[in-house]
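Participant:
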Amino acid sequence: MQLGFYFDQTRCTGCGACRVACKDWHDLPAGPRNWMRILYSEKGKFPDVFVSYLVAPCYHCLEPVCVPACPAGAISKRAEDGTVVVDSEACLGNEDCDVECLRACPYDAPQFGPEPGARMSKCDFCLERWSEGKLPVCVEACPTRALDAGTLEEMKARYGDVQEADGFAYSEGARPAVVFKPKRPSSR
Amino acid sequence: MSTASGETRIVRTTSAFDCGGRCPLRLHVRDGRIVRVEGDDAPEPQQLRACLRCRALRQEVYHPNRLMYPLKRVGAKGEGKFERISWDEALETVARELRRVKDTYGNSAIFLMGGGGYLAALHSGGRAAARLLSMFGGYTGTYGNVSSEGAVWAVMAQYGSVMVGNSREDLLNSRLIIMWGWDPARMISGTNTMYHLIKAREAGIRIVCVDPRYHDSAAVLADEWIPIRPGTDTAMMVSMAYVMLKENLHDQGFLEKYTIGFDRFRDYVLGIEDGVEKTPAWAEAICGVPASTIERLAREYATTKPAALMDCQGPARSAMGEQYNRCAMTLTAMTGNVGRRGGSAAGGLMGIPIGHMFRSSGIPGMRNPVEAGGPSIRGTLDLQLRLVRRVHINRMFDAILEGEAGGYPADIKMAWCVAGNPLNQLGNTNKAARALKTLEFFVVSDLFVTPTARYADIVLPATSVAERNDLTRPWPSGPYFTAVNRAIEPLGECKSDLEIAAALAEKLGLEGFNTRSEEEWLKSFAEENEETREHIKDYDRFRRDGVHRVELAAPIVAFKEQIESPEDHPFDTPSGKIEIFCQRVADIGDPLCPPIPKYVSTPEDRNDPLVEKYPLQLLSPHPRNRVHSHMNVAWLREVEPHRAWINPVDAAPRGIKDGDEVHVFNDRGKVAITAWVTERIMPGVVCIFEGAWYDPDGEGIDRGGCANVLTNDAYSKGGAAVLNTALVQVSKA
Chain A
-17 MQLGFYFDQT RCTGCGACRV ACKDWHDLPA GPRNWMRILY SEKGKFPDVF VSYLVAPCYH
43 CLEPVCVPAC PAGAISKRAE DGTVVVDSEA CLGNEDCDVE CLRACPYDAP QFGPEPGARM
103 SKCDFCLERW SEGKLPVCVE ACPTRALDAG TLEEMKARYG DVQEADGFAY SEGARPAVVF
163 KPKRPSSR
Chain B
499 MSTASGETRI VRTTSAFDCG GRCPLRLHVR DGRIVRVEGD DAPEPQQLRA CLRCRALRQE
559 VYHPNRLMYP LKRVGAKGEG KFERISWDEA LETVARELRR VKDTYGNSAI FLMGGGGYLA
619 ALHSGGRAAA RLLSMFGGYT GTYGNVSSEG AVWAVMAQYG SVMVGNSRED LLNSRLIIMW
679 GWDPARMISG TNTMYHLIKA REAGIRIVCV DPRYHDSAAV LADEWIPIRP GTDTAMMVSM
739 AYVMLKENLH DQGFLEKYTI GFDRFRDYVL GIEDGVEKTP AWAEAICGVP ASTIERLARE
799 YATTKPAALM DCQGPARSAM GEQYNRCAMT LTAMTGNVGR RGGSAAGGLM GIPIGHMFRS
859 SGIPGMRNPV EAGGPSIRGT LDLQLRLVRR VHINRMFDAI LEGEAGGYPA DIKMAWCVAG
919 NPLNQLGNTN KAARALKTLE FFVVSDLFVT PTARYADIVL PATSVAERND LTRPWPSGPY
979 FTAVNRAIEP LGECKSDLEI AAALAEKLGL EGFNTRSEEE WLKSFAEENE ETREHIKDYD
1039 RFRRDGVHRV ELAAPIVAFK EQIESPEDHP FDTPSGKIEI FCQRVADIGD PLCPPIPKYV
1099 STPEDRNDPL VEKYPLQLLS PHPRNRVHSH MNVAWLREVE PHRAWINPVD AAPRGIKDGD
1159 EVHVFNDRGK VAITAWVTER IMPGVVCIFE GAWYDPDGEG IDRGGCANVL TNDAYSKGGA
1219 AVLNTALVQV SKA
């Protein structure tokens, strides 16, 4: 089984509710450790402007390039649900390792705190919630219902298998577990 | 309430911020501490989803700067130096000063400000303080609501009612939605409003946004963005009326049946009254919208039925703000969209008569003896009558400085500020700071030493919403009712504003101030309030759930009855009709307060010679990552840096690059802030979201980025605080 996300980019207002809910649920301090990030893109010239937001959690890739990149073997892909998880205790920290996972990841999912020796942590698909039959907190927090999560198969069946979005490049090497309803200048 | 150590219990509650949403929250509480926040868990489509603000509630409640005990000032006023004192000393000091000022100057020298920071039935600090001070012999108070006064005045003139909205799901019955100065992605206009609008867009309903900014609502919803210069909305609307009249697209039958005075408006529009035809070309010169665009939108709005013209309150916070709402309402009548499914009566308030904040119960008010003998003001549109005994909210600091000699009702010597941050949130913050320094005594109760509280002599620590039981309502209605349930015990020595007022009553020897327990009050509100009595049959369950949802068989449509059976249901105006010409306004006899909606040029618009010195117009909309100046917390601050929006066309000649530190300034003050160079704001306009905390340095430059350092402490004839009418210049710091 492979878990994955769905993101309707046409609905995202960039409000940040997903990001704040993630920090609250996982008790992450303000600062650079953002398991959920929101990328902003603005194109065009006044008054013909195009704006998009892209949520960037960890896409729990089918071929997670962070796993082989980690010199300590701290990152693994779970057989039972395909999520990519990190054993932060095993991580060497950003001083003893040149953040190889972050450099390998095409989506900057691995997150480090500001402190010297900070160890990697990242979106864990809210597995604690998932085990209780709940959706990841970012999904439940979205005021415009732009997010969903489940098995990738289910997401594709429900929303189609588009794997492109404004500001997103599908990595053939990593094969991120995410499908989109992309926003395009012509789509509004 | 007791729970075994380590066990998590869920408290179902909501917020009481000055917000247009009231979202069910589930607070996870462990060992007496909130550890997580979840939102509503009702099944869709009833689910009311909270926004990012309440998701960060924990950081507000447990903010390291939360006040935990009373303070007294030890440094200079405004310096922010305080030391801890006991409640007894604090209350004794306040009581002594109240008595001294009363004995020396009389009750009118006591001024009450604030109240907007916590809006609920019971612990609403403004109401408790007003009751106490009335029992003490009275006080001088404010008139007006800094947010919506222009819209309130306009709907009372036109319809005689503030219940001008259709319920949100009715947007899906529309065929065209025009969002005019409305950005619900930031300014929560009822929980789920953006979601309803997105569903409307997905249903293929065309959405047009008219706004100086390509805001996030427009970025998600708009088929078309029409940028318009601030303060000129009315000119564009008037010229849309011109197009409809010239092309005979207006609904003459509707106008004849339901309105009065349209002929007067028509004469103005066509230039019969003043010789100036309000053509699209005339409007283009004023508002910067191409005449062809105005013509096209006028035709589209007049011929697409039903259509919802959704005006708001922001553009009405301007020098002639009420004219914008009045003109929008007039267009809805011209197109026959009032009282119609999928239509809109406009009016900027969007309220429905189920769960509207204006209809909330509260602890009983008392007649303020200081206001006795004043003129009768019930229902009046003449603001000057309302200001005989009161001070307009956006002039309170001028009133403190100028007193009776300046035409104000009193010489103010002391002030009490409850649940408010007026220095930061009203016009002309530097003047506010000067004024607060002149007070003989100033007491503030709040959660923090806010920019206002820095000028206090005594600061009293108030409980947060997580530490109270209460009943709350959103601004623009439900259809639902919410309850605040106490999740944690009061932190430190914090008290609610009601408890503070009750303790002061005791110190002052006033009996009968608080006659019921918290639970008795709340239950009585639910039982005595007409709406809650009708809808809430199981009070205990309502409290337990924290929310009571009202299922609507069909969407609520404002003025449906008035339109369907006008004989039985007249409008609540003297004529019983929609008053496009309003005699009550004509009686005021002020050319700047016309009885029909009109565009009038004003100080600090682009025609003001001041543009030579200050060529840019400033907007100060609601921030998305604060509730005004509330929720100034790290999780929210990092969502969006506080920046000044500026178009590249304005940035380049000033040598300003994205991310540069800039100064935004005018004669009222100077703000240091980071520039955001973006195509999303029209040239000639800059935007700083309100609510960032004022932080003046030694040279008088505000390092906090408080927009109101630049705004004017004036009001329009309808009482709107003119915060969106301000000229500024920007330079590289």
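Protein chains in written order, with our numbering: chain A, -17 to 170; chain B, 499 to 1231. For each residue, glycine too, the CB sits at the ideal point set by N, CA and C.
Considering just the uninterrupted stretch of the beta strand (DSSP E) at residue 801 of chain B, what are its terminal residues?
Facilitator: That residue, residue 801 of chain B, is in no beta strand (DSSP E); its alpha helix (DSSP H) goes 789 to 801.
Participant: In the stretch 1170 to 1181 of chain B, which residues sit with their C-beta less than 9 Å from some C-beta in chain A, listed in chain order?
Facilitator: Within the stretch 1170 to 1181 of chain B, the residues whose Cβ lies closer than 9 Å to some Cβ of chain A are 1176, 1177, 1178, 1179, 1180, 1181, listed in chain order.
Participant: Are the C-beta of residue 1194 of chain B and some C-beta of chain A separated by less than 8 Å?
Facilitator: For residue 1194 of chain B, the answer is no, since every Cβ of chain A falls outside 8 Å of its Cβ.
Participant: Answer yes or no: does any C-beta atom of chain B fall closer than 8 Å to that of residue -3 of chain A?
Facilitator: Yes, contact with chain B.
Participant: Got a sec: is the Cβ-Cβ distance from residue 107 of chain A to anything in chain B below 8 Å?
Facilitator: Taking Cβ atoms only, chain B never reaches closer than 8 Å to residue 107 of chain A, which makes this a no.
Participant: Quick one: Cα of residue 6 of chain A to Cα of residue 514 of chain B, how far?
Facilitator: If you take the alpha carbons of residue 6 of chain A and residue 514 of chain B, they lie about 20 Å apart.
Participant: Would you verify that the beta carbon of residue 554 of chain B is, or is not, closer than 8 Å to some beta carbon of chain A?
Facilitator: It does; some Cβ of chain A falls within 8 Å.
Participant: Assuming residue 1202 of chain B and residue 1211 of chain B are in contact, meaning their beta carbons sit under 8 Å apart, how far apart are those beta carbons, in whole angstroms?
Facilitator: That belief does not hold up - the Cβ atoms of residue 1202 of chain B and residue 1211 of chain B are roughly 18 Å apart, past 8 Å.
Participant: When you compare the CB of residue 170 of chain A with every CB in chain B, is at least one pair closer than 8 Å?
Facilitator: For residue 170 of chain A, the predicted structure reports a pLDDT of 46, less than 50, and the residue's modelled location is therefore unreliable. The matter cannot be settled from this model.
Participant: Please classify residue 920 of chain B as buried or exposed, where buried requires at least 16 other C-beta atoms within 10 Å of its C-beta.
Facilitator: Flag for residue 920 of chain B reads buried.
Participant: The stretch 527 to 554 of chain B: which residues have C-beta closer than 7 Å to a C-beta of chain A, in chain order?
Facilitator: Listed by position, the residues of the stretch 527 to 554 of chain B near chain A (Cβ gap below 7 Å) are 534, 535, 537, 547, 549, 550, 553, 554.
Participant: Count the other CB atoms within 10 Å of the CB of residue 2 of chain A; is the residue buried (16 or more) or exposed (fewer)?
Facilitator: Residue 2 of chain A is buried by the Cβ-count criterion.
Participant: In three-state terms, what does DSSP make of residue 104 of chain A?
Facilitator: Note: residue 104 of chain A maps to coil in three-state DSSP.
Participant: Using 10 angstroms around the beta-carbon of residue 697 of chain B, count the other beta-carbons present and answer buried if the total reaches 16, otherwise exposed.
Facilitator: By the 10 Å Cβ count, residue 697 of chain B comes out buried.
Participant: Secondary structure at residue 1194 of chain B, three-state DSSP: helix, strand or coil?
Facilitator: Residue 1194 of chain B: strand per DSSP, three-state reduction.
Participant: Buried or exposed, going by whether 16 or more other CB atoms sit within 10 Å of the CB of residue 85 of chain A?
Facilitator: Its Cβ having fewer than 16 others within 10 Å, residue 85 of chain A is exposed.
Participant: Closest to residue 890 of chain B by C-alpha separation, out of B:1217, B:531, B:516, would be which residue?
Facilitator: Ranking B:1217, B:531, B:516 by Cα distance to residue 890 of chain B puts B:1217 first.
Participant: Please decide whether residue 28 of chain A counts as near chain B, where near means a Cβ-Cβ distance under 8 Å.
Facilitator: Yes, residue 28 of chain A lies at the interface with chain B (some Cβ there is under 8 Å from its Cβ).
Participant: Let's test the definition: count the other Cβ atoms within 10 Å of the Cβ of residue 566 of chain B and tell me whether it reaches 16, buried, or not, exposed.
Facilitator: Per the 10 Å Cβ criterion, exposed.
Participant: With three or more C-beta pairs closer than 8 Å as the rule, is the stretch 1070 to 1086 of chain B touching the stretch 754 to 761 of chain B?
Facilitator: In short, these stretches touch, since the Cβ pair count reaches three.
Participant: Starting from residue 527 of chain B, follow its DSSP beta bridges and name the residues at the other end.
Facilitator: Note: residue 527 of chain B sits in a beta bridge opposite B:507, B:532.
Participant: Which one or two residues does DSSP pair with residue 32 of chain A in a beta bridge?
Facilitator: Residue 32 of chain A is bridged to A:25.
Participant: How long is the line joining the alpha carbons of residue 500 of chain B and residue 985 of chain B, rounded to whole angstroms?
Facilitator: Unreliable positioning characterises residue 500 of chain B in this predicted model, as indicated by a pLDDT of 47, which lies under 50. A coordinate reading is not provided.
Participant: Inspect the beta-carbon positions of residue -5 of chain A and residue 706 of chain B and report whether they are closer than 8 Å.
Facilitator: Taking 8 Å as the Cβ cut-off, residue -5 of chain A and residue 706 of chain B do not qualify as a contacting pair.
Participant: Indicate whether residue 1082 of chain B and residue 879 of chain B have their beta-carbon atoms separated by less than 8 Å.
Facilitator: For residue 1082 of chain B and residue 879 of chain B, yes; Cβs fall inside 8 Å.
Participant: Residue 659 of chain B by DSSP, collapsed to three states: which one?
Facilitator: Residue 659 of chain B: coil per DSSP, three-state reduction.
Participant: Measuring alpha carbon to alpha carbon, tell me which residue in A:122, A:77, A:133, A:156 is nearest residue 540 of chain B.
Facilitator: Minimum Cα distance to residue 540 of chain B is reached at A:122.
Participant: Contact check, residue 166 of chain A vs residue -7 of chain A under 8 Å by CB: the rounded distance?
Facilitator: With 8 Å as the limit, residue 166 of chain A and residue -7 of chain A do not qualify as a contact, their Cβ atoms being about 14 Å apart.
Participant: I'd like to know if the stretch 602 to 620 of chain B and the stretch 795 to 810 of chain B are in contact, where contact means that at least 3 CB-CB pairs between them fall below 8 Å.
Facilitator: Contact fails: fewer than three Cβ-Cβ distances are below 8 Å.
Participant: For residue 1061 of chain B, name the three-state secondary structure that DSSP assigns.
Facilitator: In the structure shown, residue 1061 of chain B sits in a helix (DSSP, three-state: H, G or I).
Participant: Is it buried or exposed for residue 506 of chain B, if we count other Cβ within 10 angstroms and need 16 for buried?
Facilitator: When all chains shown are included, residue 506 of chain B counts as exposed.
Participant: Please go through the stretch 593 to 639 of chain B and give each complete alpha helix (DSSP H) segment of 4 or more residues, from N-terminal end onward.
Facilitator: Complete alpha helix (DSSP H) runs here, min 4: 623 to 633.
Participant: Which value, in whole angstroms, describes the spacing of the CA atoms of residue -9 of chain A and residue 517 of chain B?
Facilitator: Spanning the two alpha carbons is a distance of roughly 26 Å.
Participant: Is residue 1117 of chain B helix, strand or coil when you go by DSSP?
Facilitator: Three-state DSSP puts residue 1117 of chain B in a strand.
Participant: Would you tell me roughly how many angstroms separate the C-alpha atoms of residue 170 of chain A and residue 679 of chain B, rounded to the nearest one?
Facilitator: With a pLDDT of 46 at residue 170 of chain A, under the threshold of 50, the modelled position of this residue cannot be trusted, and the question is left open.
Participant: Exposed or buried, what is residue 801 of chain B when buried is set at 16 or more other beta-carbons lying within 10 Å of its beta-carbon?
Facilitator: That one is exposed.
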